[in-house]
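Q: Protein chains in written order, with our numbering: chain P, 1 to 142; chain E, 1001 to 1142.
Ideal Cβ positions, reconstructed from N, Cα and C, are used throughout, including at glycine.
Below is one structure. I have some questions about it.
There are 2 protein chains.
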Amino acid sequence: MKASESRYRKCMYFSANALARKIEKLAGESWGVVNLSPSHAYLLMIVIEEPGIQPGMLANELQLKPSTITRLIEKLEEKKLVVRIAEGKATNVYATPTGKELLPKLKECLAKFYESYKNILGTKESAELVTGMNKLSDELEG
Amino acid sequence: MKASESRYRKCMYFSANALARKIEKLAGESWGVVNLSPSHAYLLMIVIEEPGIQPGMLANELQLKPSTITRLIEKLEEKKLVVRIAEGKATNVYATPTGKELLPKLKECLAKFYESYKNILGTKESAELVTGMNKLSDELEG
DNA sequence: AAAATTTATTTGTATATACAAATAAAATGT
DNA sequence: ACATTTTATTTGTATATACAAATAAATTTT
């Protein structure tokens, strides 16, 4: 059954959740080649581009909770892609050389992911959808 | 930081996931009064309206995997709100009297939830957003 | 009718994320 | 300078969901 055929097709709860799960899957496939989940990949890209960035700022950028950022960093650290250097109550996160090497591939995956949904909805409609979602997201800020 | 200020603000991955999490939370608050998560509440509403419905059909309607439906039903069964009656390889799910009694309250919660996001985006814009999300969801079917 | 396949559901385990409490450092008030 | 409060991060635990394998019944093939 398609989302648009479900009895709750007009309910934002379903639309938002169903879409998020499918996008998660699509993104997961896009990043499969670097063997990272989308969240890990995005975090790594930010860390490469902003050496020393701290978990709190990563949480803001990624719209995730600090505790979730800790978990993501832990995994990237296990994979030797980033390191954490504590500095007082703060923590600075840096990409390792191995991590940095991944950047071109990560960018490729990102581009591939963008393509995959723009091909479906079109560039303009995709952008409008994203804008609408952000608008509601911003209002639900909390 | 707002979703629209993040460096990945134009990326569907973030928009979709951030929105889904915030909607999950908003819906959770709406259904708090019946002490059910949104998914449990929707499942229960369907079961009340369609006595004997089977897990596979519930999975279709709710855009969830059958294994997830099993887990949701288990919890509702613990709470004595539904019962499962096996019939060959299929399973029929029925609301108990206690479960049925909840229907008016559930409908109220649903209405309250709709209100809460329509107040933010407006009825028309909300509907358009939902339609756009469903369209992409349908194309990502699989 | 026995064997093979398909269908419906469940079970064990995994992923993504959050909440609440704990820790620890920094900043502020007195 | 000490006590209090605030800020940044981590840790323990919980929720929502999925994947893959297991089970078991029904259907199809031979």
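Using a Cβ-Cβ distance under 8 Å, would residue 2 of chain P count as near chain E?
A: yes
Q: With distances taken between CB atoms, is the gap from residue 1098 of chain E to residue 1081 of chain E smaller than 8 Å?
A: yes
Q: Given that residue 1063 of chain E touches chain P, what residues does it touch there, using C-beta distances under 7 Å?
A: Chain-ordered, the chain P residues with CB closer than 7 Å to the CB of residue 1063 of chain E read 3, 6, 14 and 18.
Q: Hey, residue 1063 of chain E and residue 27 of chain P are a contact pair by Cβ (cut 8 Å); roughly how many whole angstroms apart?
A: Contact doesn't hold; Cβ gap of about 18 Å is too wide.
Q: If you compare alpha carbons, which of E/1107, E/1013, E/1123 and E/1115 is closest to residue 1048 of chain E?
A: E/1107
Q: How should residue 1090 of chain E be labelled, buried or exposed, when 16 other C-beta atoms within 10 angstroms of its C-beta is the threshold for buried?
A: exposed
Q: Tell me the DSSP secondary structure of residue 42 of chain P in three-state form.
A: Here residue 42 of chain P sits in helix by DSSP.
Q: Look at the Cβ atom of residue 1012 of chain E, then the Cβ atom of residue 130 of chain P, and state whether they are nearer than 8 Å.
A: yes
Q: For residue 17 of chain P, which three-state DSSP category applies?
A: helix
Q: Flag residue 10 of chain P as yes if its beta-carbon sits less than 8 Å from any beta-carbon of chain E, otherwise no.
A: yes
Q: Would residue 1083 of chain E and residue 1077 of chain E qualify as a contact pair, given that the criterion is a beta-carbon distance under 8 Å?
A: yes
Q: Could you please tell me which residues of the segment 124-137 of chain P, in chain order, have their CB closer than 9 Å to any CB of chain E?
A: 125, 126, 127, 128, 129, 130, 131, 132, 133, 134, 135, 136 and 137
Q: Taking the runs of the beta strand (DSSP E) that are 3 residues or longer, which of them lie wholly in the segment 1068-1113 of chain E?
A: 1082-1087 and 1090-1095
Q: What number of angstroms, rounded off, separates the C-alpha of residue 1109 of chain E from the C-alpha of residue 85 of chain P?
A: 47 Å
Q: Which whole-angstrom value describes the C-beta separation of residue 1030 of chain E and residue 1112 of chain E, a residue pair presumed to lie in contact below a C-beta threshold of 8 Å?
A: 5 Å
Q: Could you tell me whether any Cβ in chain P is nearer than 8 Å to the Cβ of residue 1038 of chain E?
A: yes
Q: Got a sec: is the Cβ-Cβ distance from residue 29 of chain P to anything in chain E below 8 Å?
A: no
Q: Given this structure, state the Cα-to-Cα distance separating residue 1051 of chain E from residue 1135 of chain E, to the nearest angstrom.
A: If I take the Cα positions, the gap works out to 30 Å.
Q: Cβ closer than 8 Å: which chain E residues qualify as neighbours of residue 60 of chain P?
A: Ordered by position in chain E, the residues that pass the 8 Å Cβ test against residue 60 of chain P are 1001 and 1006.
Q: May I ask which residues mark the beginning and end of the alpha helix (DSSP H) holding residue 1058 of chain E?
A: 1055-1062
Q: Considering Cα atoms alone, identify which of P/6, P/9 and P/18 is closest to residue 1137 of chain E.
A: P/18
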